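One structure is given here, and the rest of the page talks about it.
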Amino acid sequence: MSNRLVNSEKLKVLELLRNDPQSEALLLEVAKWDMLRIGDKLGFPEYITRCTNLKTLCVWVHDFGVSIPETVFDLNTLQALLISAVDLTEIPREIRQLADLTTLYIQNGKITNISDFIGDLVNLKRLSFMKNRINLVSIELGKLKQLTYLSLSDNSLADFPLCICELYKLKHLVLTENKLNIIPSEIRKLTNLEGLFASHNEISVISPDIGSLTKLKFLDLRYNQVEVVPFEIGYLDALKQFWITKNPTKQPPQNVCSQGTQAIMRYLEDLRRSAAIETARLKINVLGETCAGKSSFVRSLAAGETRMTPMADRTHVIDQAAWQPEKGILIRINDFGGHDIYKLAHSIFMDKNSPVFLVFDINEINESNSNILLGTWINVVLSKSPKTKIILIGTQADRCNDTAIQVKSKEVSAYVEDLLVRRELSLKSQLEAVRQRMEEELPFQEAFKAKNAVISSSLSETPDIARSIKVVSSNSLSGFQAIQKLAVSMAREKAVILPESWFIVTDYVEREKVRKTEPYLKKSKLIIYLDSLENESIEKREAVKEVLPEILRYLHGSGEIIWFEQSPVLSEVIFHRHEIVAGLLKAVLRHDMEDLLVHSRPEFVHQFSKFGFALAREDILHRGIMTYKMLQCLWKPFNIGDIGANAVIELMKNFEMCYSVVVNKVEYLHIPWLLNETAPSSISNRWHHRIEDPDNQDQLTLELHFVDHPPIGFYEQEAVRLNKFIEHKTTRVDWKDGVFVEMDQNTRCLLQRKANHDNGDVITFALRGSHLRDLWKTFLEVHRDIRLLLIEEYPGAQCDMFSLCPHCVKEGVPDPTKFPAEVLRDPPSQDITSIPCRHSKTGSVPVYLVYPQNVYLGRRMTMLHKKALRSNRLQLVDDISDPSMEDIVTHLGSHAILTVREQEYVRQKPIRDEKVEALLDVLRGKSDDAFFEFCNGLDNCGLRHLTIALKNHA
Numbered sequence: 001m002s003n004r005l006v007n008s009e010k011l012k013v014l015e016l017l018r019n020d021p022q023s024e025a026l027l028l029e030v031a032k033w034d035m036l037r038i039g040d041k042l043g044f045p046e047y048i049t050r051c052t053n054l055k056t057l058c059v060w061v062h063d064f065g066v067s068i069p070e071t072v073f074d075l076n077t078l079q080a081l082l083i084s085a086v087d088l089t090e091i092p093r094e095i096r097q098l099a100d101l102t103t104l105y106i107q108n109g110k111i112t113n114i115s116d117f118i119g120d121l122v123n124l125k126r127l128s129f130m131k132n133r134i135n136l137v138s139i140e141l142g143k144l145k146q147l148t149y150l151s152l153s154d155n156s157l158a159d160f161p162l163c164i165c166e167l168y169k170l171k172h173l174v175l176t177e178n179k180l181n182i183i184p185s186e187i188r189k190l191t192n193l194e195g196l197f198a199s200h201n202e203i204s205v206i207s208p209d210i211g212s213l214t215k216l217k218f219l220d221l222r223y224n225q226v227e228v229v230p231f232e233i234g235y236l237d238a239l240k241q242f243w244i245t246k247n248p249t250k251q252p253p254q255n256v257c258s259q260g261t262q263a264i265m266r267y268l269e270d271l272r273r274s275a276a277i278e279t280a281r282l283k284i285n286v287l288g289e290t291c292a293g294k295s296s297f298v299r300s301l302a303a304g305e306t307r308m309t310p311m312a313d314r315t316h317v318i319d320q321a322a323w324q325p326e327k328g329i330l331i332r333i334n335d336f337g338g339h340d341i342y343k344l345a346h347s348i349f350m351d352k353n354s355p356v357f358l359v360f361d362i363n364e365i366n367e368s369n370s371n372i373l374l375g376t377w378i379n380v381v382l383s384k385s386p387k388t389k390i391i392l393i394g395t396q397a398d399r400c401n402d403t404a405i406q407v408k409s410k411e412v413s414a415y416v417e418d419l420l421v422r423r424e425l426s427l428k429s430q431l432e433a434v435r436q437r438m439e440e441e442l443p444f445q446e447a448f449k450a451k452n453a454v455i456s457s458s459l460s461e462t463p464d465i466a467r468s469i470k471v472v473s474s475n476s477l478s479g480f481q482a483i484q485k486l487a488v489s490m491a492r493e494k495a496v497i498l499p500e501s502w503f504i505v506t507d508y509v510e511r512e513k514v515r516k517t518e519p520y521l522k523k524s525k526l527i528i529y530l531d532s533l534e535n536e537s538i539e540k541r542e543a544v545k546e547v548l549p550e551i552l553r554y555l556h557g558s559g560e561i562i563w564f565e566q567s568p569v570l571s572e573v574i575f576h577r578h579e580i581v582a583g584l585l586k587a588v589l590r591h592d593m594e595d596l597l598v599h600s601r602p603e604f605v606h607q608f609s610k611f612g613f614a615l616a617r618e619d620i621l622h623r624g625i626m627t628y629k630m631l632q633c634l635w636k637p638f639n640i641g642d643i644g645a646n647a648v649i650e651l652m653k654n655f656e657m658c659y660s661v662v663v664n665k666v667e668y669l670h671i672p673w674l675l676n677e678t679a680p681s682s683i684s685n686r687w688h689h690r691i692e693d694p695d696n697q698d699q700l701t702l703e704l705h706f707v708d709h710p711p712i713g714f715y716e717q718e719a720v721r722l723n724k725f726i727e728h729k730t731t732r733v734d735w736k737d738g739v740f741v742e743m744d745q746n747t748r749c750l751l752q753r754k755a756n757h758d759n760g761d762v763i764t765f766a767l768r769g770s771h772l773r774d775l776w777k778t779f780l781e782v783h784r785d786i787r788l789l790l791i792e793e794y795p796g797a798q799c800d801m802f803s804l805c806p807h808c809v810k811e812g813v814p815d816p817t818k819f820p821a822e823v824l825r826d827p828p829s830q831d832i833t834s835i836p837c838r839h840s841k842t843g844s845v846p847v848y849l850v851y852p853q854n855v856y857l858g859r860r861m862t863m864l865h866k867k868a869l870r871s872n873r874l875q876l877v878d879d880i881s882d883p884s885m886e887d888i889v890t891h892l893g894s895h896a897i898l899t900v901r902e903q904e905y906v907r908q909k910p911i912r913d914e915k916v917e918a919l920l921d922v923l924r925g926k927s928d929d930a931f932f933e934f935c936n937g938l939d940n941c942g943l944r945h946l947t948i949a950l951k952n953h954a
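First residue of the sequence shown? That's 1 in UniProt numbering, and the numbers climb one at a time after it.
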């Protein structure tokens, strides 16, 4: 659209006409125009009426108090009128004069109702009242029989305007961000409807008559209150995209909804062919320090009777208990080991949708240890998933009198309240500091805006932590009745409706759990089992095989199995026995590994010589390195074979517990969590505190400052991920809190973790060498990787990232100037040549030291990817809806692809088509990362077909 609006030149002509109203040359030029955009500070030239051939007019009034002149409505040749006016409170009555209008957009105003005279514009085909305050729609709207597009998004509609259902030619209906609670049966009249967009409402009821919309291609119902999706939607053969995530859906289950349109349609088809059965399955994760009474609590809860745990039977990694309190409800309880080394395994078994029971010994807790027994664990959960529900449970109440329990309960509640207050104050303090620097440091406005948005988002998410605690005794069973009632209530909230045919698979898995004959199940064997069911029809067996991935995803999400389809190795193996996976991890991630590694043990004595075992033991305890031979010994009791072993290794790699290294053609697993050593003395000689050759070397440094401690596992994960950037280099040395890599003769890097009890812990990544261009390339890759790790795995972590001034580092300044790391992805104008630095003699340093110039920003978007965007432009414009557009822009902003300014530029476009075109124009000037993140954004919105189209052209 932008290339068709030469507004500045046209407005200059109108200004000239004002001074010379009789100029025939000017009048002749104005009379030829068919499109014009006016408004804002440019004003409304009085000679606009001279535009006698004008077909399209865009009117922008974003200054309060500025009105639209009546002369605009004298342009009776207009066919398209787009008005964006923040101060407009009603539809101008004069608009009736524009009888030839086919397109009318009145947006970003304060209009509260659509007046009767709207029915006079009988030629309208496209109509939008987006972003007003409309709560009432006149029935006269139903007279607009030519209408094919209608948008009432971002308004205040509580009732579905039934007059809309009289618009039988309507193809696209946009009702996002209102207060609607139902899609009525009258929707069946819109037989030509191709797109219905009603996300961000309060819809709880969808009429089954929606199944009559045989031409419907796009249906967006995200962010509503839908529990049951009518199976009639499964009859919509034309449906390309159906978005229903962010709803409390029971039919289909939420994990089916998250898999996209095809999975939902397969589920609905299966539901039509078989009976619907309601089932409630809940996974509860029990966390807490060692000896807190977790295992006794879990066993007593599941058994309904006293089950005390002997000291010798304490949990390593995880144990799982199954509890079926009543028919149709099954609760799986994961009991996690309390040692730090086991916390890395949480991500395999935990998910953000499962509640956490945080267990502590009520007798032991006091003011001095609350942070260890509660605070650390709360931060572990919040760093991974800020919205997870946390229930506090005090155990061993039989050893504490009622008065003491009341006192301790109040103290715990006060501690949690104080922790949340301190968290909020810390975020507000960070926010204030960022806003102050936004005012002071003009070169970094966009970087600080990005940081401001991240902190503001964290502030808006209040953690879901129960303020009152539950107190129990596993010995007397006091307090357990209330816990059981709570757990059953939460399970009922998770109830879903499944096709009866799905239970063929779930029953098979349950039987295999009980039999315990196999350490894991093969997907191929499961398919053979389905084929062998002679008492089931061929049609039913084939239908179950078709939806098998959805069934396995559901079972994984409900805690029944562990199954990942991301890689060929993992997708073939189904871990139905959690204790096997726990045991395999336990064998590798032991806090008492030193006691286990004794040569005389049967698993070692026949596989290693004494000398060979001593070397292998040294590698594990002092270098965190384990051979595959050692793994086979440790895993021998589980009888998992090569397929199972490869799957577990792949699982550990995927969850970044380890990485592979090859030495003399022998492959090893490097597991940073096993390291206990301090930095080797040789490191100080290979990495001096100050740069050894300041005339010929530079150092780029990234610091991560945490409000308290880094999330458990974050440092170890990044130590693993670092290997993909330096895996072909010559030397790597690891210790408990650091990694040193000699990348080549001139380049070295250091990743280090340091505790700072006064100001929070700090993780530093530094890269030192003589070729600044090469340093920037690796530095940017690592920075992006760290940022993505925080975003994807630890969204609740409170962390500030800074890039240290290389000039200060080179000069050995004790407190070097710190620049916001956001500037690495969002640099200021290219016109700037220097950046202020208080330690420099000149008061500034060259800009190329602080952030990368274009030449350093990584690979620019390839011609193939640019061509892919260009070749698919029309399809992208047609298929990306308004809601999807908003989600994609947000995704690109959160991944540092779009600057705040660029996001605003795209969002301010008046219509969807222009927004998509503007985004595509911006992306073409970005790095290759932008192409892939754009594809990820499309995938997240269920637009997989567009991703495939783009990648096929690339």
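Glycine residues also receive a C-beta, built at the ideal position from the N, C-alpha and C atoms. None of the values given here were measured: they were computed from a predicted structure.
Boundaries (first-last residue) of the beta strand (DSSP E) holding residue 259: Here residue 259 refers to the residue found at position 259 of the sequence shown. Element bounds for residue 259: n/a, residue is neither H nor E.
Length at least 4, wholly inside the region 435–516: the alpha helix (DSSP H) runs in chain order: 445–460, 480–493 and 503–515
Per-residue burial, residue 903 [other beta carbons within 10 Å of its own, 16 or more giving buried]: Your numbering for residue 903 matches position 903 in the sequence shown. Buried.
Residues sharing a beta bridge with residue 754, DSSP: Numbered from its first residue, the sequence shown carries residue 754 at position 754. BP columns for residue 754 point to 762.
Any beta strand (DSSP E) of 3 or more consecutive residues that is wholly inside the region 775–809: 799–804
Inter-residue spacing [alpha-carbon to alpha-carbon] between residue 822 and residue 702: Here residue 822 is taken as the residue at index 822 of the sequence shown, counted from 1. Here residue 702 is taken as the residue at index 702 of the sequence shown, counted from 1. Near 11 Å, if we compare the C-alpha coordinates of residue 702 and residue 822.
CA-to-CA distance, residue 889 to residue 934, given in whole angstroms: The count along the sequence shown starts at 1 and reaches residue 934 at position 934. The count along the sequence shown starts at 1 and reaches residue 889 at position 889. Each residue's Cα considered, the two are about 9 Å apart.
Among 627, 941 and 916, nearest to residue 891 - alpha-carbon criterion: Within the sequence shown, the letter at position 891 stands for residue 891. Taking only the C-alpha atoms, the option nearest residue 891 is 941.
Secondary structure of residue 623, DSSP reduced to three states: Taking the first residue of the sequence shown as 1, we reach residue 623 at position 623. Correct three-state label for residue 623: helix.
Member of 59, 71, 77 and 38 whose CA lies at the smallest distance from the CA of residue 32: In the sequence shown, counting from the first residue as 1, residue 32 sits at position 32. When only C-alpha atoms are compared, the closest one is 77.
Rounded straight-line distance, which links the Cα of residue 142 to that of residue 187: Counted from its first residue, the sequence shown places residue 187 at position 187. Counted from its first residue, the sequence shown places residue 142 at position 142. In this structure, the alpha-carbon of residue 187 lies about 13 Å from that of residue 142.
Residue range of the alpha helix (DSSP H) that includes residue 380: Here the question's residue 380 lines up with position 380 in the sequence shown. That run of the alpha helix (DSSP H) goes 376–384.
At least 3 beta-carbon pairs within less than 8 Å: the region 491–504 vs the region 538–550: In short, these stretches touch, since the Cβ pair count reaches three.
Nearest candidate by alpha-carbon position, reference residue 177, set 133, 166, 140 and 145: Here residue 177 refers to the residue found at position 177 of the sequence shown. Taking only the C-alpha atoms, the option nearest residue 177 is 133.
Inter-residue Cα distance where the pair is residue 946 and residue 939: Numbered from 1 along the sequence shown, position 946 holds the residue referred to as residue 946. Numbered from 1 along the sequence shown, position 939 holds the residue referred to as residue 939. Looking at the two C-alpha atoms, the distance is approximately 8 Å.
Proximal residues to residue 463 (C-beta, below 7 Å), its chain only, five neighbours per side dropped: Along the sequence shown, read from residue 1 onward, the residue named residue 463 stands at position 463. 382, 386 and 420, listed in sequence order.
Residue 274 and residue 549 closer than 7 Å at C-beta: By 1-based counting over the sequence shown, the position of residue 274 is 274. By 1-based counting over the sequence shown, the position of residue 549 is 549. Cβ atoms of residue 274 and residue 549: not closer than 7 Å.
Meets three-Cβ-pair contact criterion under 8 Å: the region 544–561 and the region 250–257: Judged by pairs of C-beta atoms under 8 Å, the region 544–561 touches the region 250–257, as three or more such pairs exist.
Integer-rounded CB distance, given that residue 852 should sit under 8 Å from residue 780: By one-based count along the sequence shown, residue 780 stands at place 780. By one-based count along the sequence shown, residue 852 stands at place 852. Correct: roughly 6 Å between the Cβ atoms.
Assumed close pair residue 753, residue 737 - CB separation to whole angstroms, cut-off 8 Å: For the purposes of this step, residue 753 is identified with residue 753 of the sequence shown, where counting begins at 1. For the purposes of this step, residue 737 is identified with residue 737 of the sequence shown, where counting begins at 1. Cβ atoms of residue 753 and residue 737 come within 8 Å of each other, at about 4 Å.
The region 557–573 contacting the region 275–294, beta-carbon criterion three pairs below 8 Å: Yes: the two stretches touch, three or more of their Cβ pairs being nearer than 8 Å.
Residue 113 - partner residues in DSSP beta bridges: As a first step, residue 113 is located in the sequence shown; it is residue number 113 there, counting from the start. Answer by DSSP bridge pairing, in chain order: 136.
Option nearest residue 171 by Cα separation, candidates 883, 878, 674 and 931: The residue given as residue 171 occupies position 171 in the sequence shown. Out of 883, 878, 674 and 931, 878 has the C-alpha closest to the C-alpha of residue 171.
Coil, strand or helix - residue 578 by DSSP: Here residue 578 corresponds to residue number 578 of the sequence shown, with the count starting at 1. In this structure, residue 578 counts as helix in the three-state DSSP scheme.
For residue 151 and residue 180, the rounded distance between their alpha carbons: Along the sequence shown, read from residue 1 onward, the residue named residue 180 stands at position 180. Along the sequence shown, read from residue 1 onward, the residue named residue 151 stands at position 151. So the two alpha carbons sit approximately 14 Å from each other.
Which listed residue (810, 863, 848 and 771) has its alpha carbon closest to that of residue 839: Numbered from its first residue, the sequence shown carries residue 839 at position 839. Among 810, 863, 848 and 771, the Cα nearest to that of residue 839 belongs to 810.
Residue 741 vs residue 719 beta-carbon contact at 7 Å: Position 741 of the sequence shown, counted from the first residue, corresponds to residue 741. Position 719 of the sequence shown, counted from the first residue, corresponds to residue 719. Contact: no.
Cβ pair residue 570, residue 650 closer than 7 Å: Numbered from its first residue, the sequence shown carries residue 570 at position 570. Numbered from its first residue, the sequence shown carries residue 650 at position 650. Result yes, Cβ atoms of residue 570 and residue 650 sit closer than 7 Å.
Identity of the residue in 807, 681, 837 and 865 nearest residue 690 by Cα: Here residue 690 is taken as the residue at index 690 of the sequence shown, counted from 1. Ranked by how close their Cα comes to the Cα of residue 690, the residues 807, 681, 837 and 865 have 807 in first place.
Spatial neighbours of residue 785 in its chain, beta-carbon cut-off 6 Å, leaving aside the 5 residues before and after: Taking the first residue of the sequence shown as 1, we reach residue 785 at position 785. Once the five neighbours on either side are set aside, the close Cβ partners of residue 785 are 721.
DSSP state of residue 684 mapped onto helix, strand, coil: On the sequence shown, position 684 is the one that residue 684 refers to. If DSSP states are grouped into helix, strand and coil, residue 684 belongs with the helices.
C-beta contact flag for residue 113 and residue 136 at 7 Å: Taking the sequence shown and counting its residues from 1, one reaches residue 113 at position 113. Taking the sequence shown and counting its residues from 1, one reaches residue 136 at position 136. Cβ distance < 7 Å, so residue 113 and residue 136 count as in contact.
Under 7 Å between C-beta atoms of residue 661 and residue 725: Numbered from its first residue, the sequence shown carries residue 661 at position 661. Numbered from its first residue, the sequence shown carries residue 725 at position 725. Not a contact, by the Cβ cut-off of 7 Å.
DSSP beta-bridge partners of residue 834: Looking up residue 834 in the sequence shown gives position 834. DSSP, once it has assigned bridges, lists 846 as partnering residue 834.
Distance between residue 129 and residue 799 (C-alpha atoms, nearest Å): Translated into the one-based positions of the sequence shown, residue 799 becomes position 799. Translated into the one-based positions of the sequence shown, residue 129 becomes position 129. Near 41 Å, if we compare the C-alpha coordinates of residue 129 and residue 799.
Alpha-carbon spacing of residue 370 relative to residue 288, whole angstroms: For the purposes of this step, residue 370 is identified with residue 370 of the sequence shown, where counting begins at 1. For the purposes of this step, residue 288 is identified with residue 288 of the sequence shown, where counting begins at 1. Roughly 12 Å separates the two Cα atoms.
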